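Undergrad: Submitted below is the structure of interest, expressed as structure tokens.
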Ligand SMILES: [Zn+2]
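Numbering (our numbering), first residue to last: 1064 to 1492.
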């Protein structure tokens, strides 16, 4: 028995990308090279037309029939058009990925021995490409056994090898019934501070990823030094700079994945939902505030621009989806100003960056911890109302209902013992 609203969520798919290395012979390599050359030429031919069309559909009508003589497969051609239209401002393409749409311009097949093969047709002819047996190969085998289906792939040349990024998908599983919430406060200094709010488990609070901002600063210092040498003409400095870019990206991605794994593992263990702040628009506002020319504005701006908030959030959402854990988005307003013990809000409570001292009840706590407690409470409140739909829109919570979900009212503050699990350890820090 599914309602109308349910139906739309059941059609949602969850996607994953698996990098594979193709293993083509000489002839097949030649075929791919020719296709690549033709597609780059085609993309460059399209570029002047992008200004003449006001939408992608108009652009398609303008160029599709004119360039058919190149002999590119129609689906591949459409994918090129889409990419070129999205990259309007480009002047010249030197490289262009080949995009395949399954099953129309490519497909994933298996040999009699069970080895995966990508059959692709960048031009009119369809050719089967064997896949190198590496980590991706094994992951693909596991996923196919687990019910994932190949959806599309992108093929490009990397380090003299042909690499395919295969996108696989499966229907989004229904979310689990949950008993508690984990409030996650994603911040700059502490990448993620979380609070487990659960009726059967003790209060678990952790600060994760304190090293991220520090490490990013180390990278910055090294980059500044290298840039100085590179400006004096040092070739090795320039090479080191290029390598540094990937190093920093890798570090941030890996750490974010580790943090997300830790939080999702706890959620699976305790059957809890993960509650996050929806700060989509806040970043813009903060950046604007930081650029007002105050002392240290440049440093703040730099930190904000480097803040891997989105990386961490998407990793968290993706892993939670895989484990059927609901993600609850809540409004970020005042989560750092409200006292997590009495529920009263005052700007005066947040004098320093790290310490939160309640202006009303004198409760002292680390500011990030206070925020994560508030987020877990907010999530608990919203849990019954909204689970796991589009996380970008949240329900605004009426103020009086919000205060009612706080464990202790101001009148009963002096007695520290209470029925709630939230106040098991007050005051801390
Ligand atoms: Zn208070």
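Ideal placement from N, C-alpha and C gives every residue a C-beta, glycine not left out. Keep in mind that this is a model prediction, so the values were computed, not measured.
Express the C-alpha separation of residue 1367 and residue 1318 in angstroms, rounding to a whole number.
TA: Residue 1318 and residue 1367: Cα-Cα distance of roughly 18 Å.
Undergrad: Are there three or more Cβ pairs, one per stretch, closer than 8 Å when the segment 1096-1105 is compared with the segment 1196-1215?
TA: Counting Cβ pairs under 8 Å, fewer than three are found: no touch.
Undergrad: Please return the same chain residues whose Cβ sits closer than 8 Å to the Cβ of residue 1435, not counting the five positions on each side in sequence.
TA: Taken in chain order, the residues that qualify are 1246, 1247, 1248, 1256, 1257, 1258, 1268.
Undergrad: Apart from the five residues on each side of it in sequence, which residues of its chain come closer than 8 Å, Cβ to Cβ, to residue 1304?
TA: Cβ neighbours of residue 1304 beyond the five flanking positions: 1286, 1289, 1290, 1293.
Undergrad: Considering only the alpha carbon of each residue, which of 1180, 1280, 1325, 1326 lies closest to residue 1307?
TA: Nearest C-alpha to residue 1307: 1280.
Undergrad: Ligand 1: which residues have Cβ under 6 Å from any of its heavy atoms, chain order?
TA: Having a Cβ closer than 6 Å to some heavy atom of ligand 1 are 1402, 1404, 1405, 1407, 1421, 1423, 1424, 1426.
Undergrad: State the beta-bridge partners of residue 1228 as determined by DSSP.
TA: BP columns for residue 1228 point to 1082, 1217.
Undergrad: To the nearest angstrom, report how far apart residue 1115 and residue 1123 are at their CA atoms.
TA: Spanning the two alpha carbons is a distance of roughly 11 Å.
Undergrad: At what residue ranges does the segment 1232-1301 contain a whole run of the alpha helix (DSSP H), taking only runs of 4 or more?
TA: The qualifying runs are 1274-1294.
Undergrad: Round the Cβ separation of residue 1194 and residue 1183 to the nearest angstrom and send it over; I've been treating them as touching at under 8 Å.
TA: Not quite, the Cβ-Cβ distance comes to about 12 Å (not below 8 Å), so this is no contact.
Undergrad: Identify, in the order they occur along the chain, each residue of the same chain with its Cβ nearer than 6 Å to the Cβ of residue 1170, setting aside the five sequence neighbours on each side.
TA: Cβ within range, chain order: 1182.
Undergrad: Alpha carbon to alpha carbon, what distance is there between residue 1396 and residue 1461?
TA: Because residue 1461 carries a pLDDT of 40, less than 50, the predicted location of this residue cannot be relied on, and the following value inherits that uncertainty. Spanning the two alpha carbons is a distance of roughly 12 Å.
Undergrad: Going by alpha carbons, who is nearest to residue 1363 out of 1407, 1302, 1215, 1250?
TA: For residue 1363, the nearest C-alpha among the options comes from 1250.
Undergrad: In three-state terms, what does DSSP make of residue 1175?
TA: Of the three classes helix, strand and coil, the one that applies to residue 1175 here is coil, per DSSP.
Undergrad: To the nearest angstrom, report how far apart residue 1125 and residue 1383 are at their CA atoms.
TA: Taking the straight line from one Cα to the other gives about 43 Å.
Undergrad: Given residue 1320, which residues of its chain have a CB within under 7 Å of its CB, disregarding the five upstream and five downstream residues?
TA: The answer, listed in chain order, is 1378.
Undergrad: Contact between the segment 1149-1156 and the segment 1172-1182: three or more CB pairs below 8 Å?
TA: As far as the Cβ criterion goes, the segment 1149-1156 does not touch the segment 1172-1182, which means the pair count is below three.
Undergrad: Helix, strand or coil: how does DSSP classify residue 1313 here?
TA: Three-state result, residue 1313: helix.
Undergrad: State yes or no: is the C-beta of residue 1375 within less than 9 Å of the C-beta of residue 1438?
TA: Result no, Cβ atoms of residue 1375 and residue 1438 do not sit closer than 9 Å.
Undergrad: What separation, rounded to the nearest whole angstrom, lies between the Cα atoms of residue 1403 and residue 1389?
TA: Straight-line Cα distance between these residues: approximately 23 Å.
Undergrad: Quick one, are the C-beta atoms of residue 1393 and residue 1341 less than 9 Å apart?
TA: Result yes, Cβ atoms of residue 1393 and residue 1341 sit closer than 9 Å.
Undergrad: Can you list, in chain order, the residues of its chain whose CB lies under 8 Å from that of residue 1157, leaving out five sequence neighbours each side?
TA: Same-chain partners within the cutoff: 1103.
Undergrad: Could you check which residue in 1431, 1198, 1121, 1092 has the C-alpha nearest to that of residue 1416?
TA: The shortest C-alpha separation from residue 1416 is found at 1431.
Undergrad: Could you check what DSSP says for residue 1158 in three-state terms: helix, strand or coil?
TA: Looking at residue 1158 - three-state DSSP - the assignment turns out to be coil, as it is neither helix nor strand.
Undergrad: By Cβ distance, which residues of its chain are closer than 7 Å to residue 1457, with the 5 residues on each side in sequence left out?
TA: Low local confidence applies: a pLDDT of 34 at residue 1457 is under 50, so the model's placement there is unreliable, with the coordinate-based value given in what follows. Within the same chain, residue 1457 has close Cβ partners 1341, 1392, 1393, 1394.
Undergrad: What residues in its chain sit with their C-beta under 6 Å from that of residue 1162, if we drop five residues either side in the sequence?
TA: Answer for residue 1162: 1142, 1217, listed in chain order.
Undergrad: Could you check the C-alpha separation between residue 1078 and residue 1329 for me, to the nearest Å?
TA: Cα to Cα, residue 1078 sits roughly 23 Å from residue 1329.
Undergrad: Kindly give me the distance between the Cβ atoms of residue 1168 and residue 1261, rounded to whole angstroms, as I take these residues to be in contact under 8 Å.
TA: About 49 Å separates the two Cβ atoms, so there is no contact after all.
Undergrad: Buried or exposed, going by whether 16 or more other CB atoms sit within 10 Å of the CB of residue 1332?
TA: By the 10 Å Cβ count, residue 1332 comes out exposed.
Undergrad: In whole angstroms, give me the CA-to-CA distance for residue 1271 and residue 1264.
TA: Rounded to the nearest angstrom, the two C-alpha atoms are 20 Å apart.
Undergrad: Measure how close the beta-carbons of residue 1185 and residue 1135 come, nearest whole angstrom, since I'm counting them as under 8 Å.
TA: Contact holds; Cβ gap of about 7 Å.
Undergrad: Specify the secondary structure class of residue 1107 as computed by DSSP and reduced to three states.
TA: Here residue 1107 sits in helix by DSSP.
Undergrad: Nearest to residue 1233 by alpha carbon, out of 1424, 1198, 1206?
TA: Answer by Cα proximity: 1206.
Undergrad: Once the 5 residues before and after residue 1159 are set aside, which same chain residues still bring their CB inside 6 Å of it?
TA: So the list reads 1102, 1103, 1106, once near-sequence residues are dropped.
Undergrad: Between which residues of its own chain and residue 1239 is the CB-CB distance below 6 Å, once the five residues before and five after are set aside?
TA: Closer than 6 Å at Cβ, skipping near neighbours: 1387.
Undergrad: Apart from the five residues just before and just after residue 1109, which ones in its own chain have a Cβ nearer than 6 Å to its Cβ?
TA: Hits under 6 Å: 1126, 1147.
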